[in-house]
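There are 2 protein chains.
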Amino acid sequence: MDVRSMWLYRLYYSNTCQWILSLTIFLILFLAFIESPSSLTSTADIRYRSAPWDPPCGLTEGVEVLCLLVFVADVSVKSYLVGWAQFRMNPWLLAYLAVLVVSLTDWIVSLSLLCQERLRIRRLLRPFFLMQNSSMMKKTLKCIRSSLPEMASVLLLLALHLYIFTMSGMLLFTGEKGDGQDRERLIYFRNLPEALTSLLVLLTTANNPDVMIPAYSKNRAYAIFFIVFTLIGSLFLMNLLTAIIYNQFRGYLMKSFQTSLFRRRLGARAAYEVLSSVTAEGEAHPREVGVRPQDFLQVLQRVQLSGSHTQAVVEKVRSYGGDLLSAGEFQKLFNEFDKRVIKEPPPRPEYPSPFLRRAQIVCSHRYFDYLGNFIALGNLVSISVFLVIDADVLPEDRDDFVLGILNCVFILYYLLELLLKVFALGLPGYLAHSSNVFDGLLTVVLLVLEISTLAVYRFPHPGWKPETLGLLSLWDMARLVNTLIVVRFLRIIPSLKLMAVVASTVLDLVRNMRAFGGILVVVYYVFAILGISLFRGVIVAPGNGSLSTDNSSAPCGSFEQLEYWPNNFDDFAAALITLWNVMVVNNWQVFLEAYRRYSGPWSKIYFVLWWLVSSVIWVNLFLALILENFLHKWDRRSHLQSLAGDPDSTYQ
Amino acid sequence: MDVRSMWLYRLYYSNTCQWILSLTIFLILFLAFIESPSSLTSTADIRYRSAPWDPPCGLTEGVEVLCLLVFVADVSVKSYLVGWAQFRMNPWLLAYLAVLVVSLTDWIVSLSLLCQERLRIRRLLRPFFLMQNSSMMKKTLKCIRSSLPEMASVLLLLALHLYIFTMSGMLLFTGEKGDGQDRERLIYFRNLPEALTSLLVLLTTANNPDVMIPAYSKNRAYAIFFIVFTLIGSLFLMNLLTAIIYNQFRGYLMKSFQTSLFRRRLGARAAYEVLSSVTAEGEAHPREVGVRPQDFLQVLQRVQLSGSHTQAVVEKVRSYGGDLLSAGEFQKLFNEFDKRVIKEPPPRPEYPSPFLRRAQIVCSHRYFDYLGNFIALGNLVSISVFLVIDADVLPEDRDDFVLGILNCVFILYYLLELLLKVFALGLPGYLAHSSNVFDGLLTVVLLVLEISTLAVYRFPHPGWKPETLGLLSLWDMARLVNTLIVVRFLRIIPSLKLMAVVASTVLDLVRNMRAFGGILVVVYYVFAILGISLFRGVIVAPGNGSLSTDNSSAPCGSFEQLEYWPNNFDDFAAALITLWNVMVVNNWQVFLEAYRRYSGPWSKIYFVLWWLVSSVIWVNLFLALILENFLHKWDRRSHLQSLAGDPDSTYQ
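First to last, the protein sequences are chains L and R. Take the first sequence: its position 133, counting from 1, is numbered 133 in this note's numbering, and each next residue is one higher. Just add 1000 to the spot in the second sequence (first one is 1) and you have this note's numbering.
Pasting the structure below:
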């Protein structure tokens, strides 16, 4: 390994370079909001939407080509670093290169057509850049891939189940005219595709009581058909799918931790070998093998590591004196990096007067915190009470005089609390706790909002009613920020034993969520782009299209009657929300039906595919992540408890 | 222990007595269908329902008192067997006694009022008899109880989450008149209870796109409020609840198996001690400790055990010869009870002629099974094809000539297959496989149906159209039974490796389901009885009540427009279906809203409580059961595989 490669390696993995890469990935993904069809309108509702701003040809393309050039640089540096032999064997790097080539070709075609082409392949390929940059996402993808065969077997069972019940349903519901059975047939079991759709939707329980009502009104016994279907399909087979995904996922976190630990050990051992060989070279006749501390310190100063950890290691090295470090001692040094550095709270300011000293003790006592929480509770209750009182008064006629005064008082108290705490703990001591920082920021924001409210509307007087400006009035904003004070109560959680586990699980989850969030982004991106190219402009506003229907004449439960107009695929932001609504599954039969009417029967495939990917696979993956995190946490906690003695449970 | 107690103990735990007890429990629970308000009407729809049959006072009460007397006998025998000291300490037995006393008192009050009283406490108490009779259910209940504190902490977090978002929502949606914000306020955020209900329903995603539409139509940004709410509440906190329940439940099956094994070992050891003391007494000067085989065999003949297992044990004992059995050998004998006795298939009939012998080989070959499956597939396809062809033809105008002929042919083939198999395997050999029994039964049922169809409607001819008699025509019944033939394909599953695990999990689940099913029955029973006493007769049929509304004038999405009339609490069967529909959660806001109008705002508490118990707790419990079963199965399978060598997964 030559010095130039080393320098390049350092540069490539430096924070700046990696940060630039992340920014580029974010930028190229974010382009979808601006590119035509741009999402820069205030509403997605086709009835009220103004014409969106159309970026001139070349603007977004310019940004895009810059991003692509950064990726080209990235892939060439990476391939140089891993070498040609490795490069040929690595499918991810090869795919990276292929995606770049296709994207650049597509970009050239696009520019030569003056941005008039409809289908842009490179948009679909963009999420790949996000995926190849995260090793966690690659691992998760592997996890999903390995559980696909089993999932396929359950899906096959599901399909069989669906088919048997569809056939039975079609045979069952063929009554006489005007009969309950006949109505059931006409609405839900008219022909094979419709019957299949009805039962597929019932599998997600999205049309539950409706689908059984016509037949069930005729005879009680028909309900059994639908209940048995839901029991087997929705409760049994769907949960089996969860079990399969969780089974693949079990020990996934543990394994990934173990792997990274193993790699680090290996790295440390290699460093030891290198350094001990340097030591051996330096000395004329090597008597013992080991690393000289001064060599190690020299290396340590030249690498990038977090300051506090480095200091701890340096101190440890110094404690060994001038002796050579053995392999074991060398490994132990790196354990310092795992230890959390507990910062000592900065010393409190010392006041000369005994009165001030007593006040300091009072203000830093935890009862003072409790009082603050209590006051915040009072604030919350006052807002709730006024909301309840004002419920039946129209927003225009509300009198905000008393609440305005009360809010002033509460904000003054928060300010007082802030000042007293700073006085008691000193500014560095105050800022050492993140909960204090949050409270302080909230107080400052509230104060600024309150002062500007008073400056604009003057002091509250009876009949005082600030006008609405823009999205919501300044005054509403102040009230909204007030409700944020509820978050103060979350501080109580760590003191409640059971809540503590739950809360720390939630925090851990957020940390481990990145890979899953990434996969969600990729899936949403691909489906949104696909949806835009398939269904853009398909939904036509009522009154100016051939399919125009008045709201009042539309049948109940249809897309038009429910006014789902903003749920379209006309721009990227709208497509995301539409996909979200289908993912949540409730009422997705309305989308299925509407897009069948507006776009054709094949649109169902898109929506069913999205349901499978998002609601079936991703939501189950998410559940598996939560289970894994929680159980991991719980095992560690109960392990600690069992040391303290755990009474064995008895059986009756 | 005297002989009389022993005799009583044997009698009490004999199959007959336990069977009588189970029957009594079933009977007393089943009474709810017949008691007034009886469920003996063909429909639960209040528009079409005829007046139900009202059992005369004293009929159901007579059956009830008989059941109660059986329980009195049960509790007295049990208390005599366990003894007074044990009885006082056992809360279940004490509760049993108390429930019986209350039930009998209530029964006397009921008879003295000539069955006119509205509230019957003893009905609510009935599920207790089911619960106290099953040790698995008691254990599961204990499991649930021990996870309640943690669930409470998550529910507290959920409540906090709900409250913060309700407040923010009410502050956010106070726009001007005729505005999107204003419509949002008027429909979903009018006052605190309504806003809370809207967001509680959104937590179950039952009103997902609807609740955001008015505000989202105004501005895209409002969608974020609802998406963040659903993400935190529905995806995060709800799944955390699943994790908590699963955590309590983990190892539950394993533990229960271990406990029962431990008890059996203890029992065997005690039996060994008793028998060896008998041996010691018999001999004049005991040289060695042990059990004489003949003593053991004598005991074995006097206890009730399954025949095939006993035989295996007897053979094993005989193999030891006349030596005394040591404690270890004695224990080992009982392992025989765990072993599955593999029955040898009965010998095939031997035919003299070589032609018949060759035919026998052909018919017992597995390719013959495959041919049968293939024919059944053909049958299925033919039915599907005719369903698709007939989809647009009214049921009255359909011509069933070709299908009638085809069905005759298929049923003749099934009959032929049945006969050939019986010829090849012999009748005992044929009946040894459960899949054959199923096929045979199906064939016989089909044959009977077909012959009776032909007898009634004569042979199919063009324009042949059997009339509908009763619920569905005989001909439809024949087609319906035909679709059951699809189940034959489930036989293929064990031959597909991956499907095999899934299928065996499903089978195991059904075995372990009894405790869960029992809890579900208990919960449904209590809530149904409670619902009947709260909401009986509350829903009034349109046209003859003060709240009469015409279907066409009812607003879209209301109880009346959706014609949810059969979903009431007027009798037990209807209440069960209504509770099921609320448990499935979809559209439950319609029930909340309707019962608020018809019965008052406090009815919400009942529905929310039911949602918590059924959908939140029970469904999660069910998921935990499935996870536990599947992972248990999987671990055993992968353990077997790892012995055969499992390639370790590599990381990229």
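Every residue, glycine too, gets a C-beta built ideally from N, C-alpha and C.
How would you list, in chain order, the residues of chain L whose beta-carbon sits under 9 Å from the beta-carbon of residue i?
{"i": "R:Thr1043", "result": "Gly180, Tyr216, Ser217, Lys218, Asn219 and Arg220"}
{"i": "R:Trp1053", "result": "Ordered by position in chain L, no residue passes the 9 Å Cβ test against R:Trp1053, which lies about 15 Å from the chain."}
Return the Cβ separation of residue i and residue j in integer angstroms, given the expectation that the two are a contact with Cβ distance under 8 Å.
{"i": "L:Gly233", "j": "L:Leu160", "result": "Going by Cβ atoms, the distance from L:Gly233 to L:Leu160 rounds to 11 Å, so no, they are not a contact pair."}
{"i": "L:Ile451", "j": "L:Phe410", "result": "Not a contact, Cβ separation roughly 14 Å."}
{"i": "R:Ala1268", "j": "R:Phe1334", "result": "5 Å"}
{"i": "R:Val1265", "j": "R:Gln1331", "result": "Here the sequence assigns Arg to residue 1265 of chain R, which means Val is not the residue at that position. Contact flag correct, Cβ pair sits at about 7 Å."}
{"i": "L:Phe527", "j": "L:Trp611", "result": "With a Cβ gap of about 11 Å, L:Phe527 and L:Trp611 do not count as contacting."}
{"i": "R:Arg1190", "j": "L:Ala391", "result": "7 Å"}
{"i": "L:Leu241", "j": "L:Asn620", "result": "6 Å"}
{"i": "L:Pro703", "j": "R:Asn1581", "result": "The structure shown does not extend to residue 703 of chain L, since chain L is modelled only from 1 through 652, so no value can be given for it."}
{"i": "L:Leu192", "j": "R:Val1388", "result": "5 Å"}
{"i": "L:Leu520", "j": "L:Trp588", "result": "In fact, because the Cβ distance is near 18 Å, the residues do not count as touching under 8 Å."}
{"i": "L:Pro533", "j": "L:Leu119", "result": "Here the sequence assigns Ser to residue 533 of chain L, which means Pro is not the residue at that position. Confirmed, Cβ separation roughly 6 Å."}
{"i": "R:Ser1146", "j": "R:Gln1258", "result": "Not a contact, Cβ separation roughly 18 Å."}
{"i": "L:Ser134", "j": "L:Ala515", "result": "6 Å"}
Can you pull the chain L residues whose beta carbon is under 8 Å from the beta carbon of residue i, in chain order?
{"i": "R:Ser1384", "result": "Met167 and Leu192"}
{"i": "R:Thr1205", "result": "Val584, Val585 and Asn586"}
{"i": "R:Trp1634", "result": "Asn247"}
{"i": "R:Ile1020", "result": "In chain order: nothing, as chain L lies at least about 24 Å away."}
{"i": "R:Phe1622", "result": "Leu235 and Asn239"}
According to DSSP, which residues form a beta bridge with residue i?
{"i": "R:Val1291", "result": "R:Leu1325"}
For residue i, return the contacting residues in chain L, with the cut-off set at a CB-CB distance below 7 Å.
{"i": "R:Met1170", "result": "Leu387"}
{"i": "R:Trp1580", "result": "Ile227"}
{"i": "R:Asn1567", "result": "Pro209"}
{"i": "R:Phe1368", "result": "Near R:Phe1368 there are no residues of chain L at all, since even the closest Cβ is about 23 Å away, more than 7 Å."}
{"i": "R:Ile1626", "result": "Asn239, Leu240 and Ala243"}
In or out: residue i buried (at least 16 other Cβ within 10 Å) or exposed?
{"i": "L:Gln132", "result": "buried"}
{"i": "R:Phe1591", "result": "buried"}
{"i": "R:Cys1067", "result": "buried"}
{"i": "R:Tyr1524", "result": "buried"}
{"i": "L:Asn207", "result": "buried"}
{"i": "L:Arg656", "result": "Residue 656 of chain L lies beyond the stretch modelled for chain L, which goes from 1 to 652, so this question has no answer here."}
{"i": "L:Thr578", "result": "buried"}
{"i": "R:Phe1607", "result": "buried"}
{"i": "R:Arg1049", "result": "buried"}
{"i": "R:Thr1197", "result": "buried"}
{"i": "R:Tyr1370", "result": "exposed"}
For residue i, which residues in chain R fall below 7 Å Cβ to Cβ?
{"i": "L:Gln561", "result": "Cys1556"}
{"i": "L:Thr230", "result": "Val1584"}
{"i": "L:Ala223", "result": "Ile1577"}
Does the ligand ATP have a heavy atom nearer than 7 Å to the CB of residue i?
{"i": "L:Thr310", "result": "What this structure holds is no ligand at all, so the ligand ATP is not there to describe."}
Check the Cβ of residue i against every Cβ in chain R and list those closer than 8 Å, keeping chain order.
{"i": "L:Asp210", "result": "Leu1562 and Asn1587"}
{"i": "L:Phe630", "result": "Leu1240, Ala1243, Ile1244 and Asn1247"}
{"i": "L:Asp391", "result": "Residue 391 of chain L is actually Ala in this sequence, not Asp. Those are Arg1190, Asn1191 and Leu1192, listed as they occur along chain R."}
{"i": "L:Ala573", "result": "Arg1220"}
Just checking: is the beta-carbon of residue i within a distance shorter than 8 Å of some beta-carbon in chain A?
{"i": "R:Trp1611", "result": "As a matter of chain content, chain A is missing from the structure shown, whose protein chains are L and R."}
Under 9 Å between beta-carbons, which chain R residues line up against residue i? List them in chain order, please.
{"i": "L:Leu40", "result": "Residues of chain R passing the Cβ test: none, with the nearest at roughly 10 Å."}
Suppose only complete runs of 4+ residues qualify. What are the alpha helix (DSSP H) ranges in the segment 1116-1177 of chain R, listed by chain order?
Taking 4 residues as the shortest admissible run, the segment 1116-1177 of chain R contains the following complete alpha helix (DSSP H) segments, listed from N- to C-terminal end: 1121-1125, 1127-1132 and 1135-1172.
Please go through the segment 1377-1465 of chain R and give each complete alpha helix (DSSP H) segment of 4 or more residues, from N-terminal end onward.
The segment 1377-1465 of chain R contains these whole alpha helix (DSSP H) runs: 1401-1431 and 1434-1457.
Secondary structure, alpha helix (DSSP H): runs of 4+ residues fully inside the segment 14-40 of chain L:
The segment 14-40 of chain L is shown to contain whole alpha helix (DSSP H) runs of 4 or more residues at 15-34, in chain order.
Scan the segment 1217-1274 of chain R and note each continuous alpha helix (DSSP H) run of 4 residues or more that stays entirely inside, going in chain order.
1222-1230 and 1238-1249
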